[in-house]
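To start, the structure under review is shown below, and the notes come after it.
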Amino acid sequence: MDKKLLDILVCPVSKAPVEYKEDTNELVCRPSGLAYPVRDDIPVMLESEARTLTAEERLKDK
């Protein structure tokens with residue numbers, strides 16, 4: 006994931022910064038509890054495409 010792109014991306018729901026998780030190839034937003042997929046190196050920042058984080062994932066790496 007391009008660092009410059011990651012620096013400007015925010016969650017469309019909460020407007021909070023997102024962090025890239027390489028192991029799942031997702032952009033994670035803990036405040037909204039959503040994980041956005043990255044497909045072919047393109048972030049899909051649509052709430053309808055996002056996965057809801059589990060309670061464990063929301064607390065992990067805090």
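Numbering follows our numbering, in which position 54 of the sequence shown is assigned residue number 59; successive positions increment by one, without gaps. Beta carbons are placed, not taken as given, at the ideal position from N, Cα and C, and that holds for glycine. Remember, predicted model here, so these are calculated numbers, not experimental data.
(1) Taking DSSP as the reference, what is the three-state secondary structure of residue 9?
(2) Check whether the Cβ atoms of residue 32 and residue 43 lie closer than 8 Å to each other.
(3) Buried or exposed for residue 23, please, with buried defined as at least 16 other CB atoms from any protein chain shown within 10 angstroms of its CB.
(4) Does any residue of chain D bring its CB to less than 8 Å from the CB of residue 65?
(5) Measuring straight from C-alpha to C-alpha, what distance separates residue 50 and residue 12?
Quick answer:
(1) In the structure shown, the three-state DSSP call for residue 9 is helix.
(2) Yes, the Cβ-Cβ distance between residue 32 and residue 43 is below 8 Å.
(3) Classification for residue 23: buried.
(4) Absent here is chain D; the protein component of the structure consists of one chain.
(5) Distance from the CA atom of residue 50 to the CA atom of residue 12, rounded to whole angstroms, is 14 Å.
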